[in-house]
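Here is the structure we will look at, set down as structure tokens.
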Amino acid sequence: MKPTALLLALAFGVAVIPSVSHTAPAEPLSRNVIQNGMVKGYDEDTMKEGLESIKVEAEEDEEVGGLVFKHAGWEGKVFAYNEDGEILDLGDPDATFCMMQVGKAIDEDDMDLSAINQFNWDSHWVRAYYNDESEIFVEMDIELSGGMTQANLKRTAQNFIEAVDSAESAFFGE
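Note that the sequence shown covers residues 658 to 831 in my numbering.
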């Protein structure tokens with residue numbers, strides 16, 4: 658910028674900031690899952706730590722392809738998937754989404770199934786459903802591709818567990 662143009666810009670109160678082009682190297686998310694404190698992909702250890710911070714013990718399960726845990730009579734799992742909805746193996750570099758899910762077998766006579774509809778109506782991020790095999794599920798998807806702080810990931814896990822407790826109460830009146 659010419660000195661006279663800079664002086665004119667300053668005289669009129671216009672901020673002049675030199676343009677600096679900075680481009681980060683193109684690194685796949687798998688090589689940089691946790692970057693600058695942001696979780697940007699499915700990281701088993703970070704998720705396990707998040708669950709343990711809310712007193713939920715989780716362990717790896719290769720058959721599930723993620724973590725398994727138990728909470729208040731529910732069997733839970735956390736697993737990764739990609740943009741196409743394909744469930745991925747542990748450590749897959751394309752895993753930028755994960756699902757937290759709990760389920761249990763029920764006797765249809767033990768609950769009013771319309772409670773599931775009401776729960777879904779009242780919930781914002783968590784959904785519930787009943788399948789043909791007399792099982793009920795509560796689940797929540799977490800998109801990590803845009804990045805999430807580790808503290809927010811822990812809070813999201815806590816919100817899910819609180820929603821499971823709420824579902825238990827809504828479905829079974831306990």
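Yeah, the Cβ is synthetic: ideal placement off N, Cα and C, and Gly gets one too.
- Here LYS811 has GLY707 and SER710 as same chain residues with Cβ atoms under 6 angstroms from its own Cβ, once five neighbours each way along the sequence are excluded.
- Annotation note: the region 778–807 contains the following uninterrupted beta strand (DSSP E) runs of length 3 or greater, listed N- to C-terminal: 784–787 and 792–800.
- Membership of GLU717 in the beta strand (DSSP E) is indicated by the continuous run 715–718.
- Restricting attention to SER771, ILE799 and TYR787, the CA atom closest to the CA of HIS781 is found in ILE799.
- Sequence-distant Cβ neighbours of ASP764 in its own chain, meaning closer than 8 angstroms and more than five residues away, are SER791.
- In this structure, DSSP gives ILE818 a helical state, which the three-state scheme calls helix.
- By alpha-carbon distance to ASP766, the top candidate from THR753, MET805 and PHE828 is PHE828.
- In the DSSP assignment, GLU701 falls within the unbroken alpha helix (DSSP H) covering 701–709.
- Spanning the alpha carbons of ALA729 and GLU701 requires a straight line of approximately 23 angstroms.
- As DSSP reads the structure, MET756 sits in a beta bridge with PHE736 and ASP798.
- Counting only the Cα atoms, GLU743 lies some 17 angstroms from LEU724.
- Taking the C-beta atoms as reference points, VAL795 is found no nearer than 8 angstroms to ALA762.
- Minimum Cα-Cα distance from MET695 among the listed residues ASN809, SER823, GLN815 and ILE818 corresponds to ASN809.
- When the alpha-carbon of ASP769 is set against those of GLU720, GLN807, MET805 and TYR787, the nearest one is in TYR787.
- Secondary structure note for LYS697: it is in no beta strand (DSSP E), with a DSSP letter that is neither H nor E.
- Rounded to the nearest angstrom, the gap between the Cα atoms of THR703 and GLN807 is 7 angstroms.
- In this model, PHE817 and MET757 are separated by some 8 angstroms (Cα to Cα).
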